[in-house]
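Only one structure is covered here, and it is reproduced in the block below.
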Amino acid sequence: VGGFFKRGLFRWHWFGDKLPGKWNPHLNGLVDGARLEPQRLEAIKAELRAALHVPDLIVHYSYCSTLGQMLQTLRYITRATFRDYAWDPYMAHELWNFRNGRWWGDWNQAPVWELKQAEAEGEDVAGIEEVTKLQQGICADCGLPLKVKGYSHKTGKPLFWSRPVGGNYLRSSGAQEIAGTGYYRIPYEQCESSSLSPPELRRLTALRQKHREEVLASLAERRLTEGVRKYDASYRAGRWRME
C-alpha cells in the first residue's frame, strides 16, 4: 500500500463492536489523497491479497470528504479495542509491547486541516486535543510539562510514561477514559494516613496482583499433583485386583 500513497498510518483492531470480547483481528488504514477510481482500488486490493497470500481477503474502502467524517474516522481507527484482559489472556501476553500502530511517509509538511477548523464547524474535538498535549509531554489539565521518567536508549528522547497498568487498577481507582482514545485519567486522592504517590500505588497494586497469580498457580499445581496421586492409587488398586 505504501507504493500507492505517499503517507499514511495503520492500526490493528483486535475485537469488533458487534460482539465485544470475540476475537476478530482486522487492520485499519488511513491515507490522504483524492477518491480512488474503481480500477486503482481493485489494483490495490489485488496487490494486498498477493502480498499477504490471502486470495479471499476482504478489503473495505470509504472516502471522507468533510472534516466531521475525517475526525470520526480518526477516532474510530485510533481507538483501543482490547479493553479487557479477561477477553483473551493468552493474546494479551502475546501482544505485550507489540507496536499496534505504524506509519510511513513524511509528516513534516503543512497540515491539511486542523482541529480548530473541525471545532469551528461544530465537531467535538474534546479528548483528541488532550491526547495531543499528552503526546507532546504536556499535562492536558494544567498545561505544565509532564515529569520526565527517563530517556530512550535508542532515540535519546524523554520518556513520560511508566509501564501500562492493569484493568483492575483502572476500575478500582475510578479512572475515566478520555473520549474513547484508550488514555485514562486517574484521579489522585491523597489519603491522610498514607503518603504513597500514584506510581507507588500502582506498584503496590501490581505486587498484589502478582501475589494473587502466584497463589493461584500454586493451588493449580497442588490440585494437579493430588489428581495424579489419586489416579496412580486407583491404577495400582485396579492392577492388584486383576493380578
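Take the sequence shown: its letters are residues 2 to 244, numbered as in my numbering.
Glycine included, C-beta positions come from ideal geometry on N, C-alpha and C.
- Within the same chain, no residue comes within 6 angstroms of Arg76 by CB-CB distance, once the 5 residues on both sides are set aside.
- The DSSP-derived three-state label of Trp104 is strand.
- Burial check for Thr133: the Cβ neighbour count within 10 Å stays below 16, so the residue is exposed.
- In the DSSP annotation of this structure, His27 is not part of any alpha helix (DSSP H); the continuous beta strand (DSSP E) holding it starts and ends at 24-32.
- Here the alpha carbons of Phe16 and Phe83 stand approximately 6 angstroms from one another.
- Between Pro159 and Gly138, the gap from beta carbon to beta carbon is short of 8 angstroms.
- In this structure the stretch 27-35 touches the stretch 63-79; the number of beta carbon pairs closer than 8 angstroms is three or more.
- For Gly69, the uninterrupted alpha helix (DSSP H) segment begins and ends at 68-79.
- Look at Glu178 here: in three-state DSSP terms it is strand.
- In this structure, Ile187 is the residue among Trp162, Ile179, Ile187, Phe11 with its C-alpha nearest to the C-alpha of Ser173.
- Each residue's CA atom was taken as its position, placing Trp97 and Gln40 some 39 angstroms apart.
- Leu58 is positioned such that its CB atom lies closer than 8 angstroms to that of Leu49.
- Distances from the alpha-carbon of Cys65 to those of Leu53, Trp114, Ala44 put Trp114 closest.
- If you draw a 10 Å sphere on the C-beta of Tyr170, you find 16 or more other C-beta atoms in it, and that means buried.
- In summary, Arg203 is buried, with 16 or more beta-carbon neighbours lying within 10 Å of its beta-carbon over all protein chains present.
- Short of 7 angstroms from the beta carbon of Pro56, and not among the five residues preceding or following it, lie these beta carbons of its own chain, in chain order: Arg50.
- Membership of His94 in the alpha helix (DSSP H) is indicated by the continuous run 90-95.
- Apart from the 5 residues on each side of it in sequence, Arg103 sits with its Cβ closer than 6 angstroms to the Cβ of Phe11 in its chain, given in chain order.
- Membership of Leu10 in the beta strand (DSSP E) is indicated by the continuous run 9-16.
- Rounded to the nearest angstrom, the gap between the Cα atoms of Gly175 and Tyr185 is 10 angstroms.
- Annotation: the continuous alpha helix (DSSP H) that includes Thr133 extends over 129-136.
- Looking only at Asp107, Pro90, Gln118, Ala81, the smallest Cα-Cα distance to Arg100 is reached by Ala81.
- For Leu147, same chain residues with a beta-carbon under 8 angstroms away, outside a window of 5 residues either side, are Leu135, Gly138, Ile139, Cys140, Phe161 in chain order.
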